[in-house]
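Numbering (this note's numbering), first residue to last: 1 to 276.
The beta-carbon is built from N, C-alpha and C at its ideal position, and this holds for glycine as well.
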Ligand SMILES: [Zn+2]
């Protein structure tokens with residue numbers, strides 16, 4: 001069976017949705033948070049153990065009488081929740097025999113070293129897609145997003161309600177928001193003394209699939225004199241406009257930004273709205 005990445009993603013997300021329904025039925029309500037430890041028994045995962053795993057976030061250990069997830073106790077609870085859900089994603093991947101499909105999938109590239117890496121990346125992306133649906137089920141997340149509004153100020157509340165990280169929440173907003181929305185993350189440029197923020201990633205609008213407009217900021221570096229940089233320096237959200245390049249030209253979009261985290265780990269999340 002040859003499946004491309006998109007087909008594999010729908011299969012694993014569909015399986016994650018079944019687990020969500022099963023959990024909702026079992027506990028008699030569909031209110032967040034949805035926690036990894038609630039899903040684990042549904043898949044015969046015996047327990048989740050906390051351990052010092054160094055650089056590793058979590059591992060799925062196959063034992064003869066059931067699986068065990070070991071998660072890094074040094075990470076914050078939101079990150080632990082996602083790491084465990086990601087490992088549940090690996091369990092679903094093998095249950096659905098999708099690992100083989102990913103092996104066989106065609107990855108067009110001119111670099112002979114790249115296919116193995118691309119397959120590994122594809123596997124991890126499938127597990128992340130499953131984890132996202134488990135912890136932030138699309139229907140439930142949309143309901144809360146609609147109530148709070150697609151705004152930079154809603155991210156923290158949603159992250160607390162669903163017990164996931166700020167960045168996972170921002171990505172989910174960009175994926176499922178009814179109003180088209182992009183999420184971007186900016187970080188200080190490492191190894192330089194100059195205070196410049198660099199674009200680390202961007203997601204949306206919508207789930208990544210062919211045919212969607214690809215918005216890329218014309219300027220991927222933010223100087224300390226720019227309005228967006230103020231979000232890095234202070235606690236309040238900052239509003240500005242940024243120019244994005246798309247296939248058909250350029251477009252100036254309203255952007256809301258807010259800084260999160262402290263010290264070296266500080267970063268800025270922006271939400272951009274193509275239709276506003
Ligand atoms: Zn993984």
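Residue i: CB within 8 Å of a non-hydrogen atom of ligand 1
i	result
residue 123	yes
residue 86	yes
residue 234	no
residue 127	yes
Member of the options whose CA lies at the smallest distance from the CA of residue i
i	options	result
residue 146	164, 133, 134, 180	180
residue 82	169, 258, 256, 189	169
residue 139	264, 9, 30, 59	30
residue 11	214, 130, 49, 222	130
residue 198	55, 221, 28	221
residue 257	237, 266, 172	237
residue 214	272, 95, 78	272
residue 174	53, 121, 132	132
residue 187	231, 225, 204, 164	231
residue 224	218, 234, 217, 216	234
residue 123	216, 93, 85, 88	93
residue 253	217, 267, 99	217
Cβ-heavy atom distance, residue i to ligand 3, below 8 Å
i	result
residue 89	The model on display carries ligand 1 but not ligand 3.
As assigned by DSSP and simplified to three states, the class of residue i
i	result
residue 11	helix
residue 110	Because the pLDDT at residue 110 is just 45, under 50, the model does not fix this residue reliably, and the point stays unresolved.
residue 180	coil
residue 148	helix
residue 260	strand
residue 252	strand
residue 43	helix
residue 223	strand
residue 235	coil
residue 198	strand
residue 32	coil
residue 217	strand
residue 246	strand
residue 140	helix
Which residues DSSP lists as bridging residue i, in chain order
i	result
residue 72	51
residue 191	According to DSSP, residue 191 bridges with nothing at all.
residue 58	71
residue 241	254
residue 270	184, 257
residue 66	63
residue 23	None; residue 23 has no bridge partner.
Proximity test, Cβ basis, 9 Å: residue i and chain B
i	result
residue 123	The structure shown contains no chain B; it holds only a single protein chain.
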